[in-house]
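K.L.:
There's a structure below that I have some questions on.
Printed below as a string of structure tokens:
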């Protein structure tokens with residue numbers, strides 16, 4: 178049973194990552210006319226969003242796999 182749970186965990190993780198990348202590339206893409214770099218403000222907001230998403234994922238790891246796994250994830254992330 179643990180193997181099946183682990184398998185579905187990886188499937189869900191892959192779907193979340195692919196969805197996040199599609200969101201970033203597709204919906205957050207700037208207009209084709211504006212090819213310059215992002216402003217510092219926009220880059221900061223996007224970075225804060227990704228960091229927040231990673232911290233929420235870490236809370237999920239802690240809830241599902243326990244405090245040791247959550248601490249390991251957070252330590253590796255930082």
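Residue numbers (the numbering used here): 178 to 255. Glycine included, C-beta positions come from ideal geometry on N, C-alpha and C.
Where does residue 243 land, buried or exposed, given buried means 16+ other C-beta within 10 angstroms?
P.N.:
On the chain shown, position 66 is the one that residue 243 refers to. Residue 243 comes out exposed.
K.L.:
Excluding sequence positions up to five away, which residues of its chain have a Cβ less than 8 Å from the Cβ of residue 231?
P.N.:
In the chain shown, counting from the first residue as 1, residue 231 sits at position 54. Excluding sequence neighbours, residue 231 sits near 254.
K.L.:
If you follow the alpha helix (DSSP H) that residue 230 is part of, which residue opens it and which one closes it?
P.N.:
One-based indexing of the chain shown puts residue 230 at position 53. First-last of the alpha helix (DSSP H) with residue 230: 217-242.
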